[in-house]
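Quick notes on the structure that follows.
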Amino acid sequence: MIYIKNVELINFQSHNHTEIEFDRGLNVILGNSDAGKTAILRAIKWALFNEPKGDYFIRQGEKDVSVKVTFSNGVVVERSRTPSKNSYYLMDAEGQEMRFEGFGLDVPKEITDAIHMHKVSLDNSNNKVILNIAEQLDGPFLLNDQASMRASAIGRLIGVNYVDDALRTVVRDNKRINQEIDNLRASRDDFKEQLKEFDYIKDYKDKFQKLSHIRDKISDLNQRLNLVSNLKDTYEQYNLEIDNIGILLENFKNLSAIDSVIPKIETNLIKRSTYQSFFDRLNRTESEVTIISNSLEKLNNIESLNEKTKNIEIKKNKLDSFSELFHKYKNTSNQILDTKKDLDSLKNSDKIAEINKTLDEKINLYNKIFSGRESLLVINDKLNYGNDYIKNFSNNDNIENISKKLEKCIKNLFILSDIQRKLDELQKEYRIETDKLTEVNNNLKNYTETYEKTILEIGVCPFCYSEINKENIEHIKYHLRND
Numbered sequence: 000m001i002y003i004k005n006v007e008l009i010n011f012q013s014h015n016h017t018e019i020e021f022d023r024g025l026n027v028i029l030g031n032s033d034a035g036k037t038a039i040l041r042a043i044k045w046a047l048f049n050e051p052k053g054d055y056f057i058r059q060g061e062k063d064v065s066v067k068v069t070f071s072n073g074v075v076v077e078r079s080r081t082p083s084k085n086s087y088y089l090m091d092a093e094g095q096e097m098r099f100e101g102f103g104l105d106v107p108k109e110i111t112d113a114i115h116m117h118k119v120s121l122d123n124s125n126n127k128v129i130l131n132i133a134e135q136l137d138g139p140f141l142l143n144d145q146a147s148m149r150a151s152a153i154g155r156l157i158g159v160n161y162v163d164d165a166l167r168t169v170v171r172d173n174k175r176i177n178q179e180i181d182n183l184r185a186s187r188d189d190f191k192e193q194l195k196e197f198d199y200i201k202d203y204k205d206k207f208q209k210l211s212h213i214r215d216k217i218s219d220l221n222q223r224l225n226l227v228s229n230l231k232d233t234y235e236q237y238n239l240e241i242d243n244i245g246i247l248l249e250n251f252k253n254l255s256a257i258d259s260v261i262p263k264i265e266t267n268l269i270k271r272s273t274y275q276s277f278f279d280r281l282n283r284t285e286s287e288v289t290i291i292s293n294s295l296e297k298l299n300n301i302e303s304l305n306e307k308t309k310n311i312e313i314k315k316n317k318l319d320s321f322s323e324l325f326h327k328y329k330n331t332s333n334q335i336l337d338t339k340k341d342l343d344s345l346k347n348s349d350k351i352a353e354i355n356k357t358l359d360e361k362i363n364l365y366n367k368i369f370s371g372r373e374s375l376l377v378i379n380d381k382l383n384y385g386n387d388y389i390k391n392f393s394n395n396d397n398i399e400n401i402s403k404k405l406e407k408c409i410k411n412l413f414i415l416s417d418i419q420r421k422l423d424e425l426q427k428e429y430r431i432e433t434d435k436l437t438e439v440n441n442n443l444k445n446y447t448e449t450y451e452k453t454i455l456e457i458g459v460c461p462f463c464y465s466e467i468n469k470e471n472i473e474h475i476k477y478h479l480r481n482d
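Take the sequence shown: its position 85, counting from 1, is numbered 84 in numbering that gives the first Met the number 0, and each next residue is one higher.
Rendered as structure tokens:
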């Protein structure tokens, strides 16, 4: 059997943060009035059945509320509500996690299937009740309800309602089917009466067949008539063409004379086409001569144009080289500014050297004090031994003198301990300053090397702006590293 194992309430009514563990079987919650006992049941109903509605159950002064219910089979259901979000969280028995938002008034089906806790309808109405959880003042189950309600609820719980529903459905379907049969029989009788009115159609069948035969003959005759009409039109057209051909033959009686004239006409046509081609070539030649002369006039200054083109190319190459040098110069200037800033930050190197010197002196003093501390420890051991020895004497004056000396030694020991602590602090500061100095030196070295590479790539001295060669490169490096 699955049961609720744990419930966690946050900002639900009087509960700020409450977590309750349940065991299998009977669990009893004890507490004073208004201590929040009923709120626990209400929180479980809100998480599992989305009841009650609204937000009046949120703890006063808070805006967020959540209830987390853990079941014995590992299922976890968490209901949470904020001013901007109303959501469910579900982890099923297999460990799969799901989140739900915008679910409306009903609990998501995945959650009800996972917890196996459903609302049940105990009568024919749509009202459903929760059988798993009862309110504080609810009476025994069904004992306060009417007999009809108890009978309907028990029938639904054991499944008898399905038989009643089936019987009602069968009676209703049987009644409907019998009514349909009566209606069909009445329709059948009406159709029989209507068919009697069409008995005369049998006589018309023979007449229709005769008319169909006559119609087919008429159609055949119409086809023949159309064919004859087409043949007549064709015949008349041929006669017209024969008459036209006769007229043409009359016009070509002198055809032999035309045969002698045709060669001359062909010769003249050939000559005409030749003259026409010559004339066209002449016109094209004149236009080409005009175009060439205009082009020659435009090309009178071609030698000067060639010289200008060469000058433009030379100046363009110089411009490209100058642009590249300017770009390198700009980058080098930026690097020089960065390097100057780093050099300005290293102006206090003398102070650092003084601090190193002071630290060395204090370290030497610390070493001396440390060696004195060891001697003091040996003396202290001897004093303790002497103190034990003095206890055997009864002379109080000697004891007081020795006590005063011991107190003085102890004060000196405290002073030495304080000096040792200060030396430890100074040594720690010395190590920190040494690390910073090492880092600054490394950065300075890296900046110097980068600056040297940049100057060598540009090929121009940053001091005199002369070209760098093998002879002055070492001189420039020396100035860069020492200045």
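Glycine included, every Cβ here is placed at the ideal spot set by N, Cα and C.
Query raised in the report: Going by the beta-carbon positions, is the gap between Ile-19 and Ile-39 smaller than 8 Å?
Result: yes
Query raised in the report: CB Ile-43 to CB Ile-132, shorter than 8 Å?
Result: yes
**Report entry** Contact between the stretch 53 to 67 and the stretch 98 to 114 (3+ Cβ pairs under 8 Å)
**Finding:** no
**Report entry** the ligand NAD heavy atom lying under 7 Å from the CB of Phe-277
**Finding:** No copy of the ligand NAD appears in this structure; indeed no ligand is present at all.
Query raised in the report: When you compare only the Cα positions, how much space is there between Asp-434 and Asn-330?
Result: 31 Å
Report task. Put Val-64 into one of helix, strand or coil per three-state DSSP. Result -> strand
Query raised in the report: Which residues in the same chain as Phe-21 place their Cβ atom closer than 8 Å to its Cβ, once the five residues preceding and following it in sequence are excluded?
Result: Tyr-2, Ile-3, Lys-4, Asn-5 and Val-6
Query raised in the report: Hey, out of Ile-457, Ile-241, His-212 and Phe-99, whose CA is closest to Ala-46's CA?
Result: Phe-99
Query - Local Cβ density within 10 Å of Asn-10, reported as buried at 16 or more and exposed below that - result: buried
Query - Cβ-Cβ distance between Gly-35 and His-14 below 8 Å - result: yes
Query raised in the report: How do the stretch 448 to 455 and the stretch 310 to 324 stand: do at least 3 beta-carbon pairs fall below 8 Å, yes or no?
Result: no
**Report entry** Through-space distance from Gln-178 to Thr-37, alpha-carbon basis
**Finding:** 57 Å
Query raised in the report: Is it the case that the Cβ atoms of Tyr-88 and Phe-102 are separated by a distance below 8 Å?
Result: no
**Report entry** Nearest-angstrom Cα separation, counted from Ser-186 out to Asp-198
**Finding:** 19 Å
Query raised in the report: Tell me, which residues are paired with Glu-100 by DSSP?
Result: Answer is Ser-86.
Report task. Confirm, please, whether the CB-CB distance from Val-75 to Lys-67 is below 8 Å. Result -> yes
**Report entry** Glu-240 - DSSP class collapsed to helix/strand/coil
**Finding:** helix
Query raised in the report: What three-state label does DSSP hand Asn-330 in the structure shown?
Result: helix
Requested in this report: Look at the alpha carbon of Asn-310 and the alpha carbon of Leu-324, and state the distance between them as a whole number of angstroms.
Outcome: 21 Å
**Report entry** alpha helix (DSSP H) runs contained entirely in the stretch 4 to 30, provided each spans 4 or more residues
**Finding:** none
Query raised in the report: Roughly how many whole angstroms lie between the Cα atoms of Val-162 and Val-64?
Result: 45 Å
Query - Option in Ile-454, Asn-72 and Val-170 with minimal Cα separation from Lys-327 - result: Considering only alpha carbons, the answer is Ile-454.
Query - Beta-bridge partners of Thr-490, as assigned by DSSP - result: For the chain, the structure presents residues 0 to 482; residue 490 sits outside this window and is missing.
Query - Burial state of Leu-104 (16 or more Cβ within 10 Å) - result: exposed
**Report entry** Assigned secondary structure, Glu-109 (DSSP; H/G/I helix, E/B strand, else coil)
**Finding:** helix
Query - Own chain residues within Cβ distance below 7 Å of Arg-420, not counting five before or after - result: none
**Report entry** Euclidean distance between Cα positions of Glu-456 and Lys-444
**Finding:** 18 Å
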